[in-house]
Amino acid sequence: MVFDVNRVSNNINTASGVPESVWFLRPQPPKTAAPRLFCFPSAGYGAAMYQSWIRAAAGRLDVFPVQPPGRANRLSEAPLESIPELARRLVPAIAPLTDRPYALFGHSMGAIVAAFTADALVANGLPGPAHLFLSSRQPPDVPSPVPPLAHLEDAAFVAEINRRYCAIPAEILREPDVLAMLLPALRADVRALEAVEGHPRRQLDMPITVFGGDSDTLVPRLLLKQWEGWTRGAFRMRMFSGGHFYLQDKGPDLLQEIANVFTD
Numbered sequence: 058m059v060f061d062v063n064r065v066s067n068n069i070n071t072a073s074g075v076p077e078s079v080w081f082l083r084p085q086p087p088k089t090a091a092p093r094l095f096c097f098p099s100a101g102y103g104a105a106m107y108q109s110w111i112r113a114a115a116g117r118l119d120v121f122p123v124q125p126p127g128r129a130n131r132l133s134e135a136p137l138e139s140i141p142e143l144a145r146r147l148v149p150a151i152a153p154l155t156d157r158p159y160a161l162f163g164h165s166m167g168a169i170v171a172a173f174t175a176d177a178l179v180a181n182g183l184p185g186p187a188h189l190f191l192s193s194r195q196p197p198d199v200p201s202p203v204p205p206l207a208h209l210e211d212a213a214f215v216a217e218i219n220r221r222y223c224a225i226p227a228e229i230l231r232e233p234d235v236l237a238m239l240l241p242a243l244r245a246d247v248r249a250l251e252a253v254e255g256h257p258r259r260q261l262d263m264p265i266t267v268f269g270g271d272s273d274t275l276v277p278r279l280l281l282k283q284w285e286g287w288t289r290g291a292f293r294m295r296m297f298s299g300g301h302f303y304l305q306d307k308g309p310d311l312l313q314e315i316a317n318v319f320t321d
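For the sequence shown, the residue numbers in our numbering are 58 to 321.
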């Protein structure tokens with residue numbers, strides 16, 4: 058049964074004391090009063106990308122990995138091909154969780170979704186995030202340094218995704234049936250990213266911190282710095298050693314950087 062995104066669930070998770078929602082995948086979350094951190098995955102990924110962060114950040118951050126439609130426990134739902142629509146649908150899920158300080162984190166495509174979601178939350182009269190953390194993606198008003206690829210046939214599409222990002226694990230590439238099951242969400246995400254390119258710059262009221270990998274040739278420091286024009290508040294940039302998916306190795310350091318914002 059497809060989840061009604063216009064209805065906020067009143068079911069309470071007894072472990073965490075917060076409303077349950079199909080938009081967040083949080084098995085056995087710790088009970089904590091720490092600031093909430095909503096984490097938006099990169100193209101083709103789901104909430105599992107941040108599952109380890111729930112325990113890793115316990116006591117410092119209350120992590121909410123975001124689960125978009127079309128993957129894992131939402132595989133029966135059609136993936137969305139519009140980032141503004143995805144942000145709009147997330148608002149009712151996040152709304153009841155804005156009762157204490159919170160922040161948004163997004164990696165790659167997730168950075169764009171996080172920025173649009175922050176804007177949508179404020180536009181709906183809700184308390185805005187205390188901070189916006191954006192990783193490994195230039196803002197949508199800055200042209201992509203690489204050509205579009207959503208139109209490519211499957212084989213060429215997969216090859217180009219891996220050439221650019223090394224994003225599809227070898228074990229999945231060896232399983233055609235599994236790959237075929239995952240491709241619709243990945244294609245939809247890439248189409249959504251390509252469709253939003255050229256979107257006018259927004260002026261957001263919350264501070265922005267941008268993260269990146271110092272050897273990421275697709276999204277170098279110069280492109281990341283363009284997010285400075287998206288905030289009326291403070292702007293900071295922090296580079297880690299690694300490529301586009303630097304956070305796979307630098308997760309603990311990244312979480313500490315985020316937690317420090319709430320304690321400094």
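Glycine included, every Cβ here is placed at the ideal spot set by N, Cα and C. Since we're looking at a predicted model, the values are computed, not measured.
Please determine if the segment 179-197 and the segment 265-280 are in contact, where contact requires at least 3 C-beta pairs separated by less than 8 angstroms. yes
If we count the other Cβ atoms within 10 Å of its Cβ and call it buried at 16 or more, is residue 263 buried or exposed? As a first step, residue 263 is located in the sequence shown; it is residue number 206 there, counting from the start. Classification for residue 263: buried.
Looking at the secondary structure, which residues open and close the alpha helix (DSSP H) in which residue 308 lies? Looking up residue 308 in the sequence shown gives position 251. Here the alpha helix (DSSP H) through residue 308 covers 304-320.
Would the beta-carbon of residue 287 fall within 8 angstroms of that of residue 196? Numbered from its first residue, the sequence shown carries residue 287 at position 230. Numbered from its first residue, the sequence shown carries residue 196 at position 139. Contact flag set, yes.
Our contact map puts residue 254 next to residue 201 with C-beta atoms below 8 angstroms; I'd like the distance itself, whole angstroms only. Taking the first residue of the sequence shown as 1, we reach residue 254 at position 197. Taking the first residue of the sequence shown as 1, we reach residue 201 at position 144. Indeed, because the Cβ distance is near 6 angstroms, the residues count as touching under 8 angstroms.
Compute the beta-carbon to beta-carbon distance between residue 247 and residue 100, rounded to the nearest angstrom, for a pair I have assumed lies under 8 angstroms. The residue given as residue 247 occupies position 190 in the sequence shown. The residue given as residue 100 occupies position 43 in the sequence shown. Yes, they are in contact, since the Cβ atoms of residue 247 and residue 100 sit about 6 angstroms apart, within 8 angstroms.
Compute the distance between the beta-carbons of residue 292 and residue 307, then report whether it is under 8 angstroms. Along the sequence shown, read from residue 1 onward, the residue named residue 292 stands at position 235. Along the sequence shown, read from residue 1 onward, the residue named residue 307 stands at position 250. Contact flag unset, no.
Identify which residue in 295, 124, 113, 109 has its Cα closest to the Cα of residue 146. Here residue 146 corresponds to residue number 89 of the sequence shown, with the count starting at 1. Cα-wise, what sits closest to residue 146 is 124.
Quick check on DSSP: helix, strand or coil for residue 102? The residue given as residue 102 occupies position 45 in the sequence shown. Residue state, collapsed to three classes: coil.
Boundaries of the beta strand (DSSP E) in which residue 262 is found, first to last residue: To locate residue 262, count along the sequence shown from 1; it is residue 205. That residue, residue 262, is in no beta strand (DSSP E); it is neither H nor E in DSSP.
Just to confirm, is the Cβ distance from residue 261 to residue 289 under 8 angstroms? Here residue 261 refers to the residue found at position 204 of the sequence shown. Here residue 289 refers to the residue found at position 232 of the sequence shown. Yes, the Cβ-Cβ distance between residue 261 and residue 289 is below 8 angstroms.
Does DSSP classify residue 78 as helix, strand or coil? Counted from its first residue, the sequence shown places residue 78 at position 21. Looking at residue 78 - three-state DSSP - the assignment turns out to be coil, as it is neither helix nor strand.
Taking residue 93 as the reference, which of 112, 120, 317 has the closest Cα? What you label residue 93 is simply residue 36 of the sequence shown in a count that begins at 1. Selected option, being the one with the closest Cα: 120.
Looking only at its own chain, which residues have a Cβ that is under 6 angstroms from the Cβ of residue 150, when we skip the five neighbours before and after it? Translated into the one-based positions of the sequence shown, residue 150 becomes position 93. 78, 80, listed in sequence order.
With a floor of 3 residues, list each beta strand (DSSP E) that falls wholly inside the segment 180-219, ordered by position along the chain. 188-192
Over what stretch of residues does the alpha helix (DSSP H) that includes residue 112 continue unbroken? To locate residue 112, count along the sequence shown from 1; it is residue 55. Segment 108-113, the alpha helix (DSSP H) holding residue 112.
Beta-carbon proximity check, residue 175 vs residue 161, cutoff 8 angstroms: Sequence index remark: in the sequence shown, residue 175 carries index 118 (1-based). Sequence index remark: in the sequence shown, residue 161 carries index 104 (1-based). Yes. Within cutoff.
Can you have a look at residue 369 and say buried or exposed, based on whether 16 or more other CB atoms are within 10 angstroms of its CB? Within the shown structure, residues of the chain are numbered from 58 to 321, placing residue 369 beyond reach of any answer.
Where residue 144 and residue 312 are concerned, what is the direct C-alpha to C-alpha distance, given to the nearest angstrom? In the sequence shown, counting from the first residue as 1, residue 144 sits at position 87. In the sequence shown, counting from the first residue as 1, residue 312 sits at position 255. About 23 angstroms.
Using only the alpha-carbon positions, how far apart do residue 208 and residue 138 sit? Your numbering for residue 208 matches position 151 in the sequence shown. Your numbering for residue 138 matches position 81 in the sequence shown. Approximately 14 angstroms, taken between the alpha carbons.
Between residue 280 and residue 199, is the Cβ-Cβ spacing less than 8 angstroms? Locating residue 280 in the sequence shown gives position 223, counting from the first residue. Locating residue 199 in the sequence shown gives position 142, counting from the first residue. Yes.
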